[in-house]
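Okay, so here's the structure we're looking at.
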Amino acid sequence: MKLPRRTFLHLAAGAAALPAVSRIAQAQVYPSRPVRIIVGYAAGGGVDITARLIGQWLSERLGQQFVIENRPGAGGNLATEAVVRATADGYTLLMVGGFNAINTTLYDKLKFNFIRDIAPVAGVTRLPNVMVVNPSVPAGTVPEFIAYAKANPHKLHMASPGHGSSPHVSGELFKLMTGVDMLHVPSRTGALTDLLGGQLEVMFPTIIASIEYIKASRLRALAVTTATRAEALPDTPTVAEFVSGYEASTWYGVGVPSATSAEIIEKLNKEINAILADPKLQSRLADLGGTALPGSAGDFRKLIAAETEKWGKVIRAANIKPE
74 MKLPRRTFLH
84 LAAGAAALPA
94 VSRIAQAQVY
104 PSRPVRIIVG
114 YAAGGGVDIT
124 ARLIGQWLSE
134 RLGQQFVIEN
144 RPGAGGNLAT
154 EAVVRATADG
164 YTLLMVGGFN
174 AINTTLYDKL
184 KFNFIRDIAP
194 VAGVTRLPNV
204 MVVNPSVPAG
214 TVPEFIAYAK
224 ANPHKLHMAS
234 PGHGSSPHVS
244 GELFKLMTGV
254 DMLHVPSRTG
264 ALTDLLGGQL
274 EVMFPTIIAS
284 IEYIKASRLR
294 ALAVTTATRA
304 EALPDTPTVA
314 EFVSGYEAST
324 WYGVGVPSAT
334 SAEIIEKLNK
344 EINAILADPK
354 LQSRLADLGG
364 TALPGSAGDF
374 RKLIAAETEK
384 WGKVIRAANI
394 KPE
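Position in the sequence shown counted from 1, then plus 73, gives you the working numbering.
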């Protein structure tokens, strides 16, 4: 039977629209089963705590469990690779962070391309690091520290939890922008312990790791590393108030395999931004020393690209190599 031309065109148009309708329907019912959030570090750290916080709120809003799965190793690369290889259906998410931007340049032979293989969904939080010194260091401000360091070359030791970590690259950026000479001493087990004990003199740890020691006067905070002052340490200046243009921070967000549908990414972005607008969630993030990082998936993509370029320059200039 030969169909009239008008009927044929109508049916053809309807058939062409079926894939789009199917994708929209999939997004509308998503999620219909539990969702995994893969975290590249052990339980208890900043990225893990943030993941559990967001997972709990997403579970309440969407009526499905968002289960945290810790896959520590290789500075977050094992978790990233697992998500890159996962089915792109929205049921495997990745907690991404500044470590991914750093690792892009730090590691020469990754089995994935983070920018290409992980699609940004939404930012969650940004946290400052804090420039702290052991109280034995005779400097109470950033300018005094710079003067002391330049007057005592090769004397100061900068602690960090490892090569390419956020505290490490934050310190290397400070060195590059001020011309001070500090010897980097990495330690995966006791960087803060060595700093507290006086074996090392300076560090750029996260605010959540150091704030109790600062409040107890066991460490002296010279400055926070973000562009603006931190709510948790309102009287502590920023490094940029003395070193123009300096900025370094720890940030976390959510990503998915790059082939994940735009509809699912948009739905997750919408839900995460709704969560970040809640004063209760903002208060919880503030307790951790952080602030909400709302915005579109495109905004988060721009942040990741800028951070990847920025830390790539620092890693190459300081010749940082992975352990």
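Where a beta carbon is used, it is the ideal one built from N, C-alpha and C, also for glycine.
**OP:** Drop a sphere of 10 angstroms on the beta-carbon of Asp121, count the other beta-carbons inside from all chains shown, and report buried for 16 or more, exposed for fewer.
**Re:** buried
Subject >> Asn225 burial status per 10 Å Cβ neighbour count (16 or more: buried) >> reply: Label assigned to Asn225: exposed.
Original post:
Where Val387 and Asn202 are concerned, what is the direct C-alpha to C-alpha distance, given to the nearest angstrom?
Top reply: Their Cα atoms are separated by approximately 17 angstroms.
Subject >> Any 3 or more C-beta pairs closer than 8 angstroms across the stretch 286-296 and the stretch 202-213 >> reply: yes
Subject >> Alpha-carbon spacing of Tyr114 relative to Pro216, whole angstroms >> reply: 35 angstroms
Original post:
Tell me which same chain residues have a C-beta within less than 6 angstroms of the C-beta of Ala212, skipping the five on either side of it?
Top reply: Phe218, Tyr221
**OP:** Look up Val312 in the DSSP assignment and say whether it is helix, strand or coil.
**Re:** Correct three-state label for Val312: helix.
**OP:** Pick out whichever of Phe185, Ile175, Leu366, Pro234 has its Cα sitting closest to the Cα of Val275.
**Re:** Pro234
**OP:** Determine the contact status of Gly119 and Leu376, defining contact as a CB-CB distance below 8 angstroms.
**Re:** no
Original post:
Unbroken alpha helix (DSSP H) runs of length 4 or more, entirely within the stretch 259-317: which are they?
Top reply: 264-270, 280-288
**OP:** Could you give the DSSP three-state label for Val157: helix, strand or coil?
**Re:** For Val157, the three-state secondary structure derived from DSSP is helix.
**OP:** Helix, strand or coil for Thr381, going by three-state DSSP, please let me know.
**Re:** helix
**OP:** Taking only the alpha-carbon atoms, compute the straight-line gap between Thr266 and Tyr286 and give it to the nearest angstrom.
**Re:** 11 angstroms
Original post:
With 16 other CB atoms within 10 Å as the buried threshold, where does Leu306 fall?
Top reply: buried
Original post:
Quick one, are the C-beta atoms of Gly171 and Ser239 less than 8 angstroms apart?
Top reply: yes
**OP:** Identify the continuous alpha helix (DSSP H) that holds Phe247 and give its terminal residues.
**Re:** If you look at Phe247, you'll find it in the alpha helix (DSSP H) that goes 239-251.
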